[in-house]
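A.B. asks:
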Amino acid sequence: MADLYEKVMDVAKRRGFLWPSFEIYGGSAGFYDYGPLGTGMKRRLESFWRRIYCIEEGFHEIETTLIGIESVFDASGHLKCFTDPIVVCKKCGEAFRADHLLDGVRDISIPEIDKLVKSSGVVCPACGGELGDVEEYNLMFSTHIGPGSKRRGYLRPETAQGIFTNFERLLRFYGGKLPFGIVQIGKAFRNEISPRQGVIRLREFTQAELELFVHPNDKKHPNFDRFSSKRIPLLPAPNQIKGEDAVEMKLKDAVENGIIAHEVLGYHIALCWDFLIRAGLDPKKLRFRQHLPEEMAHYAADCWDAEALTERFGWIELVGIADRTDYDIKAHALKSGKELKVFCEYKKPKKKTIVDVRVDMGKLGPLFKEESSKVADAIKKLPKEELEKDKIKVEVDGKTFEVDGGVVEVVQREIEVKGEKVTPHVVEPSFGIDRIMYTLLEHSYYEDFVEGEIRKVLKLRPKLAPIPIAVLPLMSKPELIDPAKKIVHEIRKSGFMCEYDERGFIGKRYRRFDEIGTPYCITTDYQTLEDDTVTIRDRDTMRQVRVPMKEINKVVHNLILETWNFEKMRERYINI
RNA sequence: GCGGCUGUAGUCCAGUGGCAGGACACAGGCCCCCCAAGCCUGUAACCCGGGUUCGAAUCCCGGCAGCCGCACCA
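Going by my numbering, 59 is the number at position 76 of the first sequence; the sequence numbering is gapless.
(1) So for glutamate 371, helix, strand or coil by DSSP?
(2) Pick from Ala262, Leu275, Leu259 and Lys533: whose alpha carbon is nearest that of glycine 226?
(3) Per DSSP, what kind of secondary structure is phenylalanine 414 in: helix, strand or coil?
(4) Which term fits lysine 160, buried or exposed, when burial requires 16 or more other beta carbons within 10 angstroms of its beta carbon?
(5) May I ask you to report which of helix, strand or coil DSSP gives methionine 525?
(6) Return the first residue and the last residue of the beta strand (DSSP E) that glycine 169 is part of.
(7) Expressed to the nearest angstrom, what Euclidean distance is found between the alpha-carbon atoms of valine 342 and lysine 374?
(8) Candidates Asp523, Val400 and Glu534: which alpha carbon is nearest lysine 330's?
(9) For serine 125, which beta-bridge partners are listed by DSSP?
(10) Taking the CB atoms as reference points, tell me whether threonine 126 and isoleucine 50 lie closer together than 8 Å.
(11) By a C-beta neighbour count over all protein chains shown, 10 Å radius and 16 as the cutoff for buried, is phenylalanine 5 buried or exposed?
(12) Would you list the residues sitting across from histidine 43 in a DSSP beta bridge?
(13) Quick test of the definition: if touching needs 3 or more C-beta pairs under 8 Å, does the stretch 212 to 225 touch the stretch 439 to 455?
(14) Taking only runs of the beta strand (DSSP E) that begin and end inside the stretch 182 to 257, which ones reach a length of at least 3 residues, in chain order?
(15) If you reduce the DSSP assignment to three classes, tell me which class histidine 540 lands in.
(16) Taking 8 Å as the cut-off, decide whether the C-beta atoms of alanine 58 and histidine 315 are in contact.
(17) Look at tyrosine 560 and lysine 468 and say whether their C-beta atoms are less than 8 Å apart.
(18) Tell me the residue span of the beta strand (DSSP E) that contains tyrosine 428.
(19) Just to confirm, is the Cβ distance from threonine 189 to lysine 213 under 8 Å?
(20) I need the straight-line Cα distance from tryptophan 2 to glutamate 277, nearest angstrom please.
(21) Considering only residues of the same chain and omitting the five flanking positions on each side of phenylalanine 42, which have a CB-CB separation below 7 Å?
(22) Return the residue from the list Lys367, Pro412 and Gly415 that minimises the CA-CA distance to glutamate 392.
(23) Rounded to whole angstroms, what's the CA-CA distance from glycine 158 to lysine 202? Just pull it up for me.
(24) Can you tell me which of Lys268, Glu403 and Val247 puts its alpha carbon nearest to the alpha carbon of lysine 334?
(25) Does DSSP classify aspartate 311 as helix, strand or coil?
(26) Output the distance between the C-alpha atoms of cysteine 75 and aspartate 97, rounded to the nearest integer angstrom.
(27) How many angstroms separate the CA atom of tyrosine 509 from the CA atom of leucine 463?
(28) Would you kindly work out how many angstroms separate the C-alpha atoms of glutamate 239 and alanine 291, rounded to a whole number?
(29) What does DSSP give as the partner residue(s) for cysteine 504 in the beta ladder?
(30) Using the DSSP secondary-structure output, state which residues sit across from valine 338 in a beta bridge.
(31) Taking the beta strand (DSSP E) that glutamine 568 belongs to, which residues open and close that run?
(32) Alanine 262 and leucine 423: beta carbons closer than 8 Å?
(33) Under DSSP, the beta strand (DSSP E) around tryptophan 547 begins and ends at which residues?
(34) Could you work out which residue in Ile183, Lys63, His204 and Arg270 is closest to glutamate 231 when comparing CA atoms only?
(35) Beta-carbon separation of threonine 506 and isoleucine 489 under 8 Å?
(36) If you check the beta carbons only, do arginine 570 and glycine 13 fall under 8 Å apart?
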């Protein structure tokens, strides 16, 4: 018996949403192409995401390279942490984690492990045979930049690094102030060992990520009130350990009780929920699960995954929302030698007393000659009480120097400090677009029985439907075809994808459009010839209203952009 | 990566050493006054590579892909 995954993928493949890549050559696991309808729907999903994150939230979008140079992933930790050292037995061909064959080996380079493996005389644990060279298996796809093999490049395993490496310019773009956010939508690549589960685990996939840079000591959100009383199903780590299910919680309570670490994270959990629901996911099949301590990356302060319930795969991760703290920015600062910090002005300048220790070098110089500057430095580091003594003793390089209290002058003064430089923390919602696409298809898939026949429907939201409108003459007669084609032309001119179809019976055509999620079909009939009206049929209720042709553009516009629903149409126009 | 099962038109299935078939879908036409059901015609497939054989979709070996389990999944 076909499960829901099979039914959804059947429609997806047959009607042009998703196709396995390179099919004529037998395909390759972990790669999928989007067909015409899938591409249309994905574009609409991405543009809806931009609508929320770029327009409504005001975060600008950038586009950075898919290929990164070695330094980037050296700094980010992907080179080291995304790699397993592997050694293969020359005799039996078995592969082992090389560092696990050695005692107490951690965080050292591949050549060093190789040396240790060879010098320690470790043999194959399975057959006792001789081991080959230690090689790395890294989940990043690597390539070479330019001719020769000296300059290594990698396909990015996440879009985030392109944002971090542009931090200085982005900070300047935003006027040097926190908080600010930048988004990126694009491909990322992971050379998975054995991808399965269709588009759930791909080697090449699309991410939509926001990197929100915030002050480490201010994780309040100015618009928190917008969602504070929203109820969201949450599954905190302690509840998971006890084997409990998600519970609906007011966002405000979750943050106040410390279940969610802070307001910014809470706001973005709610915003993510809002996005996914408005995109058309089933609210009953959606929850936010907190990472367990052991699955959380070591740098993350808190992390929540938006998970959707699918029939075959159970709960799958669609979005990860993490507080990455200052890990990435600090790592790139260290590696690049740049000071990746933000100057944050205090609300009020702070008065600060500083103690200036001045040493009279005129006297010290002749006394200690070439050692005098070292002595002076040592004196400056002494505690205040020592400096007030008549004779000051200080030790430098194992020698004790004694100077008169008179050569040292301690000056206290008050200065105004306007602000401080801080390394921002990063809050990162990271969306897996392909997984959202699949889940939308599954959550939208619906079957009912009409007169003994299965009616397959994709209940996609009008704004995401790849073909949002179709025009169908009731019969393929010239007098009905002419006005139908005129309407198609009008709708296309106003900027909406519109399909025309005159094949076979009207009922069959409705079914074809139901299956690809077209929410509305316009039909011309004989009454059209009498009074210039057409019918609009609603996919989900199969009901119709009759609308004057001259209002079609307005109606289509409102229906597709979801400013009107079909209920409103039934109030406004003639129900049939 | 390891083990099990599977691979035939777009889809689902039959064919198990001797001309590759059906249903649905699709295309063209007829028909059709609102929900896949009528008629005619047409397009369309043996996963890839090697071997055995006079002859392989069928038997054997290898690869690839899919499903299930294990491993992997910062």
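Using N, Cα and C, we set each Cβ at its ideal position, and we do this for glycine too.
C.D. replies: Looking at the coordinates:
(1) Collapsing the DSSP output to three states places glutamate 371 in coil.
(2) When only C-alpha atoms are compared, the closest one is Leu275.
(3) Of the three classes helix, strand and coil, the one that applies to phenylalanine 414 here is strand, per DSSP.
(4) Lysine 160 is exposed by the Cβ-count criterion.
(5) In the structure shown, methionine 525 sits in coil (DSSP, three-state: anything other than H, G, I, E or B).
(6) Where glycine 169 is concerned, the enclosing beta strand (DSSP E) stretches over 163 to 172.
(7) Taking the CA atoms as reference points, valine 342 sits about 14 Å from lysine 374.
(8) Residue nearest to lysine 330 within the set Asp523, Val400 and Glu534 is Val400 (criterion: CA-CA distance).
(9) Beta bridge pairing from DSSP links serine 125 with Tyr137.
(10) With contacts defined by Cβ atoms closer than 8 Å, threonine 126 and isoleucine 50 form a contacting pair.
(11) For phenylalanine 5, the number of other beta carbons within 10 angstroms of its own is below 16, and it is reported as exposed.
(12) DSSP lists Ile165 as partners of histidine 43.
(13) By the C-beta criterion, the stretch 212 to 225 is judged not to be in contact with the stretch 439 to 455, since fewer than 3 inter-stretch pairs fall below 8 Å.
(14) The beta strand (DSSP E) runs of length 3 or more contained entirely in the stretch 182 to 257 are, from start to end of the chain, 187 to 197, 214 to 218 and 230 to 233.
(15) For histidine 540, the secondary structure class from DSSP, reduced to helix, strand or coil, is helix.
(16) For the 8 Å CB-CB criterion, alanine 58 and histidine 315 form a contact.
(17) No information on residue 560 is available, as it lies outside the stretch -16 to 559 that the chain covers here.
(18) First-last of the beta strand (DSSP E) with tyrosine 428: 428 to 433.
(19) The answer is no: Cβ separation not under 8 Å.
(20) So the two alpha carbons sit approximately 36 Å from each other.
(21) Residues Tyr36, Gly164, Ile165, Val166 and Leu193 of the same chain have their beta carbon placed closer than 7 Å to that of phenylalanine 42, with the five preceding and five following residues left out of the count.
(22) It is Lys367 whose Cα lies nearest to the Cα of glutamate 392.
(23) Taking the straight line joining both Cα atoms gives about 20 Å.
(24) Of the listed residues, the one whose Cα sits closest to lysine 334 is Glu403.
(25) Aspartate 311 sits in a helix when the DSSP states are folded into three classes.
(26) Because the pLDDT of cysteine 75 is 48, which lies under 50, any placement of that residue in the model is unreliable, and the number read from its coordinates should be weighed accordingly. If you take the alpha carbons of cysteine 75 and aspartate 97, they lie about 19 Å apart.
(27) Tyrosine 509 and leucine 463 have their C-alpha atoms some 7 Å from each other.
(28) Near 26 Å, if we compare the C-alpha coordinates of alanine 291 and glutamate 239.
(29) Note: cysteine 504 sits in a beta bridge opposite Ala453 and Arg520.
(30) Beta-bridge pairing by DSSP links valine 338 to Gln395.
(31) Outside the displayed range of the chain (-16 to 559) lies residue 568, so it cannot be described from this structure.
(32) Yes; because the gap between Cβ atoms is below 8 Å, this pair is in contact.
(33) Premise fails: tryptophan 547 is in no beta strand (DSSP E) and is neither H nor E.
(34) Measuring from the Cα of glutamate 231, the nearest candidate turns out to be Arg270.
(35) In contact: threonine 506 and isoleucine 489 (Cβ atoms closer than 8 Å).
(36) With the chain covering only -16 through 559, there is no way to say anything about residue 570.
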